[in-house]
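In what follows, a structure is listed as structure tokens, so that the remarks can point back to it.
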Amino acid sequence: SAGQDVTQEYTDLESRLRNYQAQEEVLLDLMKQSKKVSDSLEVQRELSNVQEQIEVIKGRMNYLDDLVSFSTIEVYFYEPEPIKTAADWGFVEALKRGLRGAVRVFNGIVIALIVTAPVWILTGIIIIIVWQVIRARKRRRVKKEQK
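Residue numbers (UniProt numbering): 1 to 147.
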């Protein structure tokens, strides 16, 4: 299975969000205190940048929340092969393995025949058609020669 731990990234985003929110509060206070229009414009420009960063961070946090809430965990279990004992190496066991192998080969041949059956049928139909055409031409030649 594969996964990604986003805990560290999420924690970092939370910390950055708190810092930007604190910076936003300071800038809002400065905005209230500014007397000149130029100062207000400069604070407003910086405030816009900070608010944009806050939105980016919140967006990423929402994405990570969704990613985590829809996580799928896949677990695969495999049964280990049984341990072979000395009894598994006798004549009867070898005969059983040989028969199982023969059955697998037979199954493979049957499957191959079934899978290739459409090709064999199509080839047979084409051969019959070609054979019929050749016979018909021969009959015509024989009839022409008899006339």
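Beta carbons are placed, not taken as given, at the ideal position from N, Cα and C, and that holds for glycine.
*Please say whether Lys58 and Leu30 have beta carbons closer to each other than 8 Å?*
Within the sequence shown, the letter at position 30 stands for residue 30. Within the sequence shown, the letter at position 58 stands for residue 58. No. Outside cutoff.
**Prompt:** Looking at C-beta atoms only, is the number of pairs between the segment 33-40 and the segment 50-64 that lie closer than 8 Å three or more?
**Reply:** no
request  = Note down, in chain order, each residue of its chain lying with its Cβ closer than 6 Å to the Cβ of Leu47, except the 5 sequence neighbours on either side.
outcome  = Within the sequence shown, the letter at position 47 stands for residue 47. Leu27, listed in sequence order.
Q) Hey, quick one: how far does the alpha helix (DSSP H) through Pro118 stretch, first residue to last? A) Locating residue 118 in the sequence shown gives position 118, counting from the first residue. Looking at the DSSP string, the run of the alpha helix (DSSP H) that includes Pro118 is Phe91 to Gln146.
* **Short Cβ contact (8 Å threshold) for Val6 with Leu95** => As a working mapping, residue 6 is identified with position 6 in the sequence shown. As a working mapping, residue 95 is identified with position 95 in the sequence shown. No.
Which residue's Cα is closest to the Cα of Tyr20: Ile54, Val92 and Glu93?
Against the sequence shown, residue 20 aligns to sequence position 20. Looking at the Cα atoms, Ile54 is the closest of the given residues.
Practice item. Report the residue from Lys32, Tyr76, Ala22 and Asp65 whose alpha carbon sits nearest the alpha carbon of Gln51. Key: To locate residue 51, count along the sequence shown from 1; it is residue 51. That would be Ala22, whose Cα lies nearest to the Cα of Gln51.
With H, G and I counted as helix, E and B as strand and the rest as coil, what does DSSP make of Ala29?
Taking the sequence shown and counting its residues from 1, the one referred to as residue 29 is at position 29. This sequence places Asp at residue 29; Ala is not what is there. Of the three classes helix, strand and coil, the one that applies to Asp29 here is helix, per DSSP.
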